[in-house]
Amino acid sequence: MTIRIVRARPEHAVRLTQIAHAAKSYWGYPAQWIELWRNQLTITEAYIEANEVYAAVDADDVILGFYALGGEGEKRTLEHLWVQPQSFGAGVGRQLFTHAVARAQTLGARVIEIESDPHAEGFYQRMGAETIGEVTYDMEGSPRRLPLMAYMLQKPNPPFHPDSEE
1 MTIRIVRARP EHAVRLTQIA HAAKSYWGYP AQWIELWRNQ LTITEAYIEA NEVYAAVDAD
61 DVILGFYALG GEGEKRTLEH LWVQPQSFGA GVGRQLFTHA VARAQTLGAR VIEIESDPHA
121 EGFYQRMGAE TIGEVTYDME GSPRRLPLMA YMLQKPNPPF HPDSEE
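Using full-length UniProt numbering, you'd call the opening residue of the sequence shown number 1 and step up by one each time.
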């Protein structure tokens with residue numbers, strides 16, 4: 001599948017929100033949990049304008065998935081990475097993650113921190129991220145533990161000086 005990664009535009013907000021909801025719902029979470037996550041899964045025009053949000057589009061300009069980077073300086077956060085369920089397994093998530101890594105490097109990051117859904121932990125591990133801990137949230141009176149992951153970005157090689165002594 002040929003896709004392009006493009007900067008998301010405010011008019012994409014509704015489609016990005018649909019993708020986030022569909023991808024989260026795919027895993028069979030109770031409807032009341034999806035409702036509790038409504039604000040987190042809603043991508044607004046203002047959010048797109050204020051953040052690093054990129055979309056994967058196919059040859060027909062249909063948006064298949066997206067990601068958003070947050071944070072600043074050397075530590076960035078992967079705030080969103082969602083792919084429409086019909087495109088699972090087609091490499092869209094891998095291409096989005098690869099683009100996010102390159103974008104974070106361009107922004108000067110040394111690490112990308114990811115609060116992963118448990119269903120996505122294996123994907124991020126295959127991409128090279130490591131589980132470094134967990135984050136616990138209260139979910140209707142029960143603890144919900146999410147993997148906290150980190151992807152270490154390559155440090156640039158020091159300049160080579162053949163005449164220098166080590």
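Just so it is clear, CB atoms sit at the ideal spot from N, CA and C, and this is done for glycine as well.
Item                                                                                                           : Value
Closest to L153 by CA distance: which of R144, G73, G93, W82 is it?                                            : G73
Below 9 Å between beta carbons: does that hold for A46 and L16?                                                : no
Just verifying my parser: in three-state terms, what is the DSSP assignment at F123?                           : helix
How is the beta strand (DSSP E) around E130 delimited, first residue to last?                                  : 130-139
So what's G91 in DSSP terms, helix, strand or just coil?                                                       : coil
Going by beta-carbon coordinates alone, are G71 and M1 separated by less than 9 Å?                             : no
With a Cβ-Cβ cutoff of 9 Å, do E121 and T136 count as a contact?                                               : no
Considering just the uninterrupted stretch of the alpha helix (DSSP H) at I34, what are its terminal residues? : 31-36
DSSP three-state label for V101, please.                                                                       : helix
Any idea which residues DSSP pairs residue 175 with across the strands?                                        : For residue 175 there is no data in the structure shown, the boundaries of the chain being 1 and 166.
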